[in-house]
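Here the working numbering runs 6 ahead of the position in the sequence shown, where the first position is 1. Beta carbons are placed, not taken as given, at the ideal position from N, Cα and C, and that holds for glycine. What follows is a single structure, written as structure tokens, with notes after it.
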Amino acid sequence: MNILFFGPNGSGKGTQGAIIKDEYNISHIESGAIFRENISKGTELGAKAKEYIDRGDLVPDEITIPMILDRLKKDDCKNGWLLDGFPRNKNQAIKLDESLKEASLALDIVVEIILDREIAKNRIMGRRLCVNDNNHPNNIYIDAIKPDGDKCRVCGGDLKTRDDDQDEAAINKRHDIYYDTNEGTIASSYYFKDLSSKEGSIKYITLDGGPGVKEVTAELVSKL
Ligand code: AMP
């Protein structure tokens with residue numbers, strides 16, 4: 007099963023993606039997490055990506071596209087994958103589509119999570135990352151997933167924030183890119199929506215990201 011996840015930053019893509027990954031035993035590939043891992047390991051890729059990430063800009067396509075297309079060729083993707091955070095613009099969507107066709111790989115499902123921009127912004131600012139697993143949901147502004155004091159509610163690990171999550175200008179820029187209907191992320195989700203109406207094999211699902219984590223998961227599972 008090969009799945010694409012779209013949704014504005016803060017809509018719960020990562021949280022839902024982690025649940026679906028376990029349900030279907032597929033790889034969860036998060037472009038942002040790959041960049042952050044490279045930054046913390048001090049790699050050349052991380053050094054190149056950092057300045058863009060800190061500003062809320064997209065890392066250039068020459069870096070991002072090969073990084074993800076190569077990642078999809080790894081053994082752990084043979085049983086399927088869930089892409090979260092890629093494609094992020096129309097060019098990435100086209101390149102992904104071409105690459106899948108070249109490799110005779112089918113895209114099965116596209117999920118688009120819909121969430122009001124202001125609500126998404128609050129969620130981003132309240133988000134806390136567990137040092138043991140960044141998919142452990144912790145958010146100081148959401149009752150259902152409030153951390154346990156200053157520790158992770160799932161494993162008790164230490165929590166940290168992402169620099170780009172505490173910078174309102176960077177958040178606004180990330181959302182501007184997301185909602186750009188010509189070249190941005192929404193344009194790339196519409197690229198696949200269009201493909202889904204032409205090629206019956208792709209299922210396009212929209213989800214209301216407003217309710218709590220469990221409710222959104224239940225709606226998602228019922229639609230998959
Ligand atoms: P995220 O964790 O998805 O919020 O991504 C964090 C940051 O990584 C983004 O604000 C971008 O700077 C960068 N990034 C993640 N995915 C992509 C992508 N597909 N294309 C370009 N930059 C990306």
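By the Cβ neighbour-count rule, K204 is exposed, with fewer than 16 other Cβ atoms within 10 Å of its own. When Cβ pairs closer than 8 Å are counted between the two stretches, the segment 145–163 is seen not to touch the segment 54–67, the count staying below three. Counting C-beta pairs closer than 8 Å gives three or more between the segment 221–229 and the segment 17–28, which meets the contact rule. Given a length threshold of 3 residues, each whole run of the beta strand (DSSP E) inside the segment 12–72 is given here in chain order: 33–36. As the crow flies, the alpha-carbon of K19 is around 10 Å from that of L89. Shown here, I119 sits in a strand according to DSSP, grouped into three states.
In the structure shown, D149 adopts helical secondary structure according to DSSP, grouped into three states. Listed as beta-bridge partners of Y184 by DSSP are no residues whatsoever.
DSSP, reduced to helix, strand and coil, places T167 outside both helices and strands of the structure shown, so it counts as coil. Only residues of its own chain outside the window of five on either side were considered, and among them Y58, R94, N95, I183 have a CB closer than 7 Å to the CB of L64, listed in chain order.
For I100, the enclosing alpha helix (DSSP H) covers residues 96–108.
Rounded to whole angstroms, the Cβ separation of H181 and R123 is 6 Å, and the two are in contact under 8 Å. Counting along the chain, D200 sits inside the alpha helix (DSSP H) bounded by residues 191–204. Fewer than three beta-carbon pairs drawn from the segment 94–113 and the segment 41–52 are found closer than 8 Å, and the two stretches are therefore not classed as touching.
By the Cβ criterion, the segment 126–138 is in contact with the segment 160–180, since at least three pairs of Cβ atoms, one from each stretch, lie closer than 8 Å. Distance check between R77 and each of N188, R61, N97, L102 places L102 closest, using alpha-carbon atoms only. D154 sits in a strand when the DSSP states are folded into three classes. The straight-line gap separating the alpha-carbon atoms of V160 and N31 is approximately 21 Å.
Here the distance from the Cβ of G218 to the nearest heavy atom of the ligand AMP is not below 6 Å. In this structure, DSSP gives C83 a helical state, which the three-state scheme calls helix.
For L213, the uninterrupted beta strand (DSSP E) segment begins and ends at 209–214. Assignment of L226 by DSSP, reduced to helix, strand and coil, places it in the helix class.
Under the criterion of beta carbons closer than 8 Å, G215 and I120 qualify as touching, at roughly 6 Å.
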